[in-house]
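Numbered per the numbering used here, the sequence shown spans residues 1 to 88.
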Amino acid sequence: MSILTQEDKKTLKTRFRKELKKDITINLFSVRTSGLLILPGRDCPTCPQAQSLLEEVVAVTPKLSLEVYDFYSDQEAVQQQDIERIPC
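Written out as structure tokens, the structure reads:
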């Protein structure tokens with residue numbers, strides 16, 4: 001199910017074409033779930049929606065890319081970016 005409407009995508013595509021001069025990588029700090037087990041205290045009800053939205057946004061233009069980091073297992077990246085909460 002798409003979060004962005006076709007009109008939203010069209011608007012983003014137009015703005016990105018005009019305004020994005022360089023390639024940009026969006027870093028999303030989230031939690032990866034295997035679908036089988038979510039440890040207590042590590043749930044993130046909005047993480048899947050945040051990732052879906054960003055995937056739709058980066059699909060609009062090749063100038064955007066998305067890197068997803070797991071908040072609990074990618075501690076080096078979490079500390080480098082000073083991430084305290086997810087999604088971020």
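Each residue gets a CB set at the ideal place from its N, CA and C atoms; glycine is no exception.
- Query: When the Cα atoms are used, what is the spatial distance from L64 to Y72?
  - Reply: 25 Å
- Message: Using the three-state DSSP reduction, which class does E19 fall into: helix, strand or coil?
- Response: helix
- Task: Could you work out which residue in P62, I26 and Q49 is closest to Q81 when comparing CA atoms only?
- Result: Minimum Cα distance to Q81 is reached at I26.
- Item | Beta-carbon gap between C47 and I86 smaller than 8 Å | yes
- Query: Closest to L53 by CA distance: which of Q75, K18, S30 and L20 is it?
  - Reply: S30
- Compute the Euclidean distance between the alpha carbons of D23 and T5, then round it to the nearest angstrom. 24 Å
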